[in-house]
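Trainee: I am attaching a structure below and will ask some questions about it afterwards.
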Amino acid sequence: MIDFSQPTPVILSEVRQLTPTRRELVLNMGPQHPSTHGVLRVRLTLEGETVIACDPVIGYLHRGVEKLGESHRYAQFVPWTDRTDYVAAPSNNLGYVLAVEKLCGIQAPERAQYWRMIMAELTRIASHLVWLGTHALDIGALSVSLYTFRDRELILDIFEKFCGARLTTNMMEIGGFSREIPPDLPEMVRSFCRYFPQAIRQYKDLLTENPIWLGRTKGVGVIEPEVAINYGLTGACLRGSGVNYDVRKAMPYLLYDRVEFEVPLGTHGDVYDRYLVRMEEMRQSIRIIEQCLEQVPTDGPLMAYESQYVIPPHKNVMTTAEDMQRHFIWVIKGFSPPKGEVYHAVEHSKGELGYYIVSDGSPIPYRVRIRTPDFVNLQSLPYMAQGAMLADIVALIGTIDIVLGSVDR
Amino acid sequence: MSDTRLQPATSESSPWDTTGYWGPTDPEQHPAVRLVRERFPDAFREVVVFRDEVTIRVARQALREVVDFLRTHPELRYNHLTDITAVDMLYLRERPRFDVVVQLYSIPRRQRLRVKCGVEDGETVPSLVPIFAGANWLERECYDMFGIVFEGHPDLRRILLPEDWDEGHPLRKDYPLRGYRDYVQPGFDSPAPRVRGTLRRPGP
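Listed in order, the protein sequences are those of chains G and D.
Under our numbering, think of the first position of the first sequence as 6, with each following residue one higher.
Under our numbering, think of the first position of the second sequence as 175, with each following residue one higher.
Structural data, given as structure tokens:
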């Protein structure tokens, strides 16, 4: 356990000049490599099969999302957040929407907050399933990916039932949800919760005791807790090293202080521990969803009714003059939050996702900064790769759990 | 916990667990504000509290010393560097041009703090890489997007844009949304018209 009574030590990052000597070989991996999870390019310096230096080259999927955020109105930017981390789109919506709500000083109704938690935890499971399938596929276990994508379909069906889209959902709005919950949606989520624990047991049967899996993951890519903190890692990369930091527990947002769940911590900080941590996180997510389904009110508003910042409900727009005028102004001009700046972080499936928004009092944000977890986590790849074997690089890229849309933004 | 290799997170894991947010009282009573003002009376500029978030502004030259002090002081322990970014203040004030924003978090004390410093175009900021290894890419991104030079950074080059990018730094406010050049898309004779070439900012 890490001792916080002393300052955590500084890890001096060493930059090697990539000039090959006679025995060294510079090898280019990616950007179109099947196991780099997108368009990551890694420049490796090898001596034999041992990696001496590793330099990730990113930016092949850079679309300037932050610049686009400075040129759209607040509500227009929500669909763009889907496109940053496209395998966990509702969590991205949630981070942005909560940041804007904090800036405006409003809060979604209780029922919407519970449904946001349910959607965020379903997203976490869906994202972890993609991670597990591709990670195992990289290492050589093909069949796991077939089962994980089978079960991810069930979650995508729930998303499709709820908002009509499966991947880039655009499901949350500033102030809550604009769509009513379909009447059979709670039963769909409940039946998923009944089904999913045995699916986790299936994956564990395939991997946890598998000698090939153990040989490829145990003792590989060890990050000590002090190093993890100094690199600013978050999510399973930090908790796999045994540091207790989960935004849901440390600074509860939504209603996470009303549900019971545990935060799993690793002990060795290797690839295998991060695998175990993520598997346990999926089980805890199921616990959270079940408690949310018990506690959520069956009826009540899903959208905050704030005259200044939130689009009025459609029924009122059609029946009352005031709300029709508000609707016009909201759609044509947008809304103007007060001057100021906020940073709001949520626990994304990959770590801490933070949105830093600077408002100058106009309907367009002055600055939108997206602190994506995998951009920061990917920095630890050179540290883990030093001295590793070439074949371990695919395991190390998989264990960080990157999505290049989110790294490059 | 289903696996014996994992350990559940207990309250002993971080012995200094305190309350969650620091309450909205007098900002001068905030321990970081008090201690930084005592230790760096010349470099301390101001403190701002908005939505329970504390922002302190310090002088540019003292940024690294202040952050290192916040990291090592036994009452503060801001040991987790969350983010480094910058804001182009071109439309908001005369000078300095940029704000460099450092988000800090204390894992044992569960508190956030934002440290800012103003930078004029062409001036340098002391790099935080000597105290936080995670500052490396964040500062490279800042350099790439704004052109702010971090003094003492071991490897300051572009990160998201190509290394031979010659159009400047795109997150500056005077950089047009579609760039300076017109690109002809495949299958078209001329570049698409600039319908949103200049950003229209309606008043509040």
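From the three backbone atoms N, C-alpha and C, an ideal C-beta is built for every residue, glycine too.
In angstroms with no decimal places, state the Cα-to-Cα distance between V221 of chain D and A80 of chain G.
Mentor: Their Cα atoms are separated by approximately 30 Å.
Trainee: Using DSSP bridges, identify the partner residues of K290 of chain D.
Mentor: According to DSSP, which records beta bridges pairwise, K290 of chain D is partnered with D:R231, D:V275.
Trainee: Quick one: which chain D residues come within Cβ less than 8 Å of I234 of chain G?
Mentor: Simply N253, H254, I281.
Trainee: Looking only at DSSP bridge pairs, what is T298 of chain D linked to?
Mentor: Answer is D:V323.
Trainee: So with CB distances below 7 Å, who are the chain G contacts of E227 of chain D?
Mentor: The contacting residues are V347, Y348.
Trainee: Using a cut-off of 8 Å between C-beta atoms, extract the partners of E357 of chain G located in chain D.
Mentor: Here the neighbours are T256.
Trainee: Would R121 of chain G and L259 of chain G be called neighbours here (beta carbons separated by less than 8 Å)?
Mentor: Taking 8 Å as the Cβ cut-off, R121 of chain G and L259 of chain G qualify as a contacting pair.
Trainee: Measuring only between beta-carbons, confirm whether F306 of chain D sits less than 8 Å from chain G.
Mentor: F306 of chain D counts as touching chain G.
Trainee: So for I316 of chain G, helix, strand or coil by DSSP?
Mentor: DSSP places I316 of chain G in coil when its eight states are reduced to three.
Trainee: Mind checking whether P245 of chain G and D210 of chain G have CB atoms under 8 Å apart?
Mentor: Note that residue 245 of chain G is Gly in the sequence shown, not Pro. No. Outside cutoff.
Trainee: What are the boundary residues of the beta strand (DSSP E) that includes D262 of chain D?
Mentor: Run containing D262 of chain D: 254 to 262, per the beta strand (DSSP E) assignment.
Trainee: Assign I163 of chain G to one of three DSSP states: helix, strand, or coil.
Mentor: Of the three classes helix, strand and coil, the one that applies to I163 of chain G here is helix, per DSSP.
Trainee: Relative to chain A, which residues along the region 68 to 86 of chain G have a C-beta separation below 7 Å, given in chain order?
Mentor: In the displayed structure, chain A is absent; the protein chains listed are G and D.
Trainee: Buried or exposed: where does L103 of chain G fall if 16 or more other Cβ atoms within 10 Å of its Cβ makes it buried?
Mentor: Flag for L103 of chain G reads buried.
Trainee: Determine, for F380 of chain G, whether the minimum Cβ-Cβ distance to residues of chain D falls below 8 Å.
Mentor: At least one chain D Cβ lies under 8 Å of F380 of chain G.
Trainee: Listing by chain order, which chain G residues have their CB less than 8 Å from the CB of Q277 of chain D?
Mentor: Here the neighbours are Y348, G359, Y361, R376.
Trainee: Rounded to the nearest angstrom, what separates R414 of chain G and Y65 of chain G at their Cα positions?
Mentor: Looking at the two C-alpha atoms, the distance is approximately 10 Å.
Trainee: Less than 8 Å between the C-beta atoms of R78 of chain G and G345 of chain G, yes or no?
Mentor: In this structure, G345 of chain G does not lie closer than 8 Å to R78 of chain G by Cβ.
Trainee: Can you tell me whether H319 of chain G is buried or exposed, with buried defined as 16 or more other CB within 10 angstroms of its CB?
Mentor: The residue is exposed, with fewer than 16 neighbouring Cβ atoms inside 10 Å.
Trainee: Per the contact definition of three or more C-beta pairs closer than 8 Å, is the region 241 to 260 of chain D in contact with the region 282 to 294 of chain D?
Mentor: Touching, yes, given that three or more Cβ pairs across the two stretches are closer than 8 Å.
Trainee: Name the chain D residues that come within less than 8 Å of V15 of chain G, Cβ to Cβ?
Mentor: Here the neighbours are P304, I305, F306, A307.
Trainee: What do you get for D329 of chain D, buried or exposed, if any count of 16 or more other CB atoms within 10 angstroms of its CB means buried?
Mentor: Flag for D329 of chain D reads exposed.
Trainee: Could you tell me how far apart the beta carbons of D237 of chain G and F306 of chain D are, in whole angstroms, since I believe they sit closer than 8 Å?
Mentor: In the sequence under discussion, the amino acid at residue 237 of chain G is Gly, which differs from the Asp named in the question. Right, the Cβ-Cβ distance comes to about 7 Å (below 8 Å), so this counts as a contact.
Trainee: DSSP state of V301 of chain G, grouped into three classes?
Mentor: DSSP places V301 of chain G in coil when its eight states are reduced to three.
Trainee: Quick check: P302 of chain G and C109 of chain G, are their CB atoms within less than 8 Å of each other?
Mentor: The answer is no: Cβ separation not under 8 Å.
Trainee: With 16 other CB atoms within 10 Å as the buried threshold, where does V358 of chain D fall?
Mentor: Exposed, since its Cβ has fewer than 16 Cβ neighbours within 10 Å.
Trainee: Using only the alpha-carbon positions, how far apart do E327 of chain G and S290 of chain G sit?
Mentor: So the alpha carbons of these two residues sit roughly 42 Å apart.
Trainee: When you compare only the Cα positions, how much space is there between W85 of chain G and A94 of chain G?
Mentor: When rounded, the distance between both Cα atoms is 10 Å.
Trainee: Any idea what DSSP makes of A58 of chain G, helix, strand or coil?
Mentor: A58 of chain G falls in the strand class under three-state DSSP.
Trainee: Can you look up V44 of chain G in the DSSP assignment and give me helix, strand or coil?
Mentor: In the structure shown, V44 of chain G sits in coil (DSSP, three-state: anything other than H, G, I, E or B).
Trainee: Going by other Cβ atoms of all chains shown within 10 Å of its Cβ, with 16 needed for buried, is L345 of chain D buried or exposed?
Mentor: Answer is buried; the Cβ neighbour count reaches 16.
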